[in-house]
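Notes for the one structure printed next.
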Amino acid sequence: MKFLIVFVALFALALAAPADVQINRQESDVGPESFNYAFETSDGTSANQEGHVQNIGSENEAISVKGSFRYIGDDGQTYEVTYVADENGFQPSGAHLPVAPEA
């Protein structure tokens, strides 16, 4: 299942990329309890992600994922987002993202 998700994501990326963009590096490793992938393209886009199953075999079994992606926007600036997705939800961070005020 995880392999399928990673494969579909990479396939969608390849279809969405302009024709003159080349994939410079692409790696993936998918196992029954964990996965990771990374890629870099000639236009400066890159991403990496790793995940693993927590609490295997229990009622609280869940996947925990962390990763980042980077791209160059239409304005010429490089944007980078790092994130964690786990039992606490999706938690992105990046210099360009708004931050909620502390209570």
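Residue numbers for the sequence shown follow this note's numbering, beginning at 1 and rising by one. Just so it is clear, CB atoms sit at the ideal spot from N, CA and C, and this is done for glycine as well.
Mapping the DSSP letters down to three states, classify residue i as helix, strand or coil.
i	result
Asn88	coil
Val81	strand
Ser93	strand
Glu40	strand
Could you tell me the boundaries of the beta strand (DSSP E) in which residue i lies?
i	result
Gln26	23-30
His52	46-54
Glu33	Taken as a continuous stretch (DSSP letters only), Glu33 belongs to no beta strand (DSSP E), as it is neither H nor E.
Ala103	Looking at the DSSP string, Ala103 is not in any beta strand (DSSP E), and its letter there is neither H nor E.
Ala62	62-72
What whole-angstrom Cβ distance do residue i and residue j have, given they're in contact under 8 Å?
i	j	result
Ser34	Gly51	6 Å
Glu40	Asn24	5 Å
Can you tell me the Cα-Cα spacing of residue i and residue j, whole angstroms?
i	j	result
Asn55	Gly94	29 Å
Val81	Val99	13 Å
Tyr71	His96	12 Å
Val65	Glu27	17 Å
Val53	Ala85	12 Å
Ser46	Val30	19 Å
Glu102	Asp20	44 Å
Just mark residue i as buried or exposed, buried being the case when its beta carbon has 16 or more other beta carbons within 10 Å.
i	result
Phe90	exposed
Gln104	Here the chain has residues from 1 to 103 only, and residue 104 is not among them.
Gln77	exposed
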